[in-house]
Amino acid sequence: MRHAVNFLVGLIFGLGLLISGMANPAKVQNFLDLAGSFDPSLIFVMASALAVTFVGYRLVLRRERPVLAERFYLPSASIIDGRLILGAAMFGVGWGLSGFCPGPAIVSLPLLAKGTLIFVPAMLAGSVLAACACRERPRRPARWRKPSSESRNPRAVLFPGRPRQSWYNPPANPRCD
Amino acid sequence: MTVTEFTPFASSLGGALIGVAAVMLMALNGRIAGISGIVGRLLPPYAGADPVGAACIVLGLIASPLLYQAATGAPVVQTVSDQGGLMAVAGLLVGFGTAAGGGCTSGHGVCGIARLSPRSVVATVTFMATGFATVGLMRHVIGG
Chain A
1 MRHAVNFLVG LIFGLGLLIS GMANPAKVQN FLDLAGSFDP SLIFVMASAL AVTFVGYRLV
61 LRRERPVLAE RFYLPSASII DGRLILGAAM FGVGWGLSGF CPGPAIVSLP LLAKGTLIFV
121 PAMLAGSVLA ACACRERPRR PARWRKPSSE SRNPRAVLFP GRPRQSWYNP PANPRCD
Chain B
178 MTVTEFTPFA SSLGGALIGV AAVMLMALNG RIAGISGIVG RLLPPYAGAD PVGAACIVLG
238 LIASPLLYQA ATGAPVVQTV SDQGGLMAVA GLLVGFGTAA GGGCTSGHGV CGIARLSPRS
298 VVATVTFMAT GFATVGLMRH VIGG
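Protein chains in written order, with the working numbering: chain A, 1 to 177; chain B, 178 to 321.
Laid out in structure tokens, this is it:
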């Protein structure tokens, strides 16, 4: 049942991308081209998706737990650090170059455009590379390792040398976002 | 560059469907509909939970254009660059960037902002800014 829901969610999400025009890289790039052939359609995609999700999440997250799972799996990270900003910046450059973000790229796979068939494997490789950056650390001598449960969390280990705090969140006042 | 038509109605409808899918996933399975994270759960080092669930979502995404074409009887209109080197570099940047930054347009841009997560607001502003800058440079400075 849970997996039928997952499949259906993927299907509806994909149809949304296709109907909205988000699955057309030319449309995305025209949205990003303020000085040229600006196509504001994607503002409507974003606004409409956000409105539904904003209201929907508020209703749903009032519940004790989801219908088919034992708990809500919400991201617990709340720190705004260089990794978040650098990662997002890199993503934006790739998004602008290709007009693809991950959802539309996956949805475009069965349409078999040459660019898609090059983009998706490269995207998967990039994702593995970033995740592997966190795997480097446990090979250090044991005395350098952090024995905490953090070492099992790839997000925490990706750049472990850094203090887990930033200008945004002083460590004295941790919060979950 | 390909000129595209302004489609406020279709885009709002499609956006609403994306929202419905995100709310459904949270209400039923308790998970965030961030596609980069979902795809990441299928890849080494397999740190994320529930790879089978992630695979089902990806299968649904892949099935969607087939259903779309069967239902409308028309092919999906898209213009994808066929410059191999450019697409490879872009793919690497998108994959690395979303994995390091913890989300993409769906995870940060829709689900994260809907939760008013400061991380997601910062990430979305950042990738929008570099996206605008990249297309601006590519089309108006370098002249693509």
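Where is the CB? At the ideal position from N, CA and C, for every residue including glycine. All figures in this text were calculated on a predicted structure; none of them were measured in a lab.
Here's the rule: buried if 16 or more other CB atoms are within 10 angstroms of the residue's CB, otherwise exposed. What is A:L32? buried
Which bits of chain A does B:R208 rub up against, with CB to CB less than 7 Å? Y73
Cβ of B:F250 within 8 Å of any chain A Cβ: The question names Phe, but residue 250 of chain B in the sequence shown is Gly. No, no contact with chain A.
CB contact flag (A:I118, B:M264, <8 Å): yes
Does the structure place the region 80-91 of chain A close enough to the region 295-315 of chain B that three or more beta carbon pairs sit under 8 Å? yes
Assign B:I319 to one of two classes, buried (16 or more other C-beta atoms within 10 Å of its C-beta) or exposed (fewer than that). exposed
Nearest-angstrom Cα separation, counted from A:D39 out to B:L238: 25 Å
Taking a cut of 7 Å between CB atoms, which residues from the region 230-242 of chain B lie near chain A? G230, C233, I234, V235, L236, G237, L238, I239, A240, S241 and P242
Between which two residues does the alpha helix (DSSP H) holding B:Q246 run? P228 to T249
Hey, which unbroken runs of the alpha helix (DSSP H) at 4 residues or more fall wholly within the region 30-73 of chain A? 41-60
Using a cut-off of 8 Å between C-beta atoms, extract the partners of B:R218 located in chain A. What B:R218 touches in chain A: nothing, since even the nearest Cβ is about 10 Å away.
8 Å is my cut-off, CB to CB: does B:A247 come that close to chain D? In the structure shown, chain D cannot be found, because the protein chains are A and B.
Three or more C-beta pairs under 8 Å: does that hold for the region 7-24 of chain A against the region 196-212 of chain B? yes
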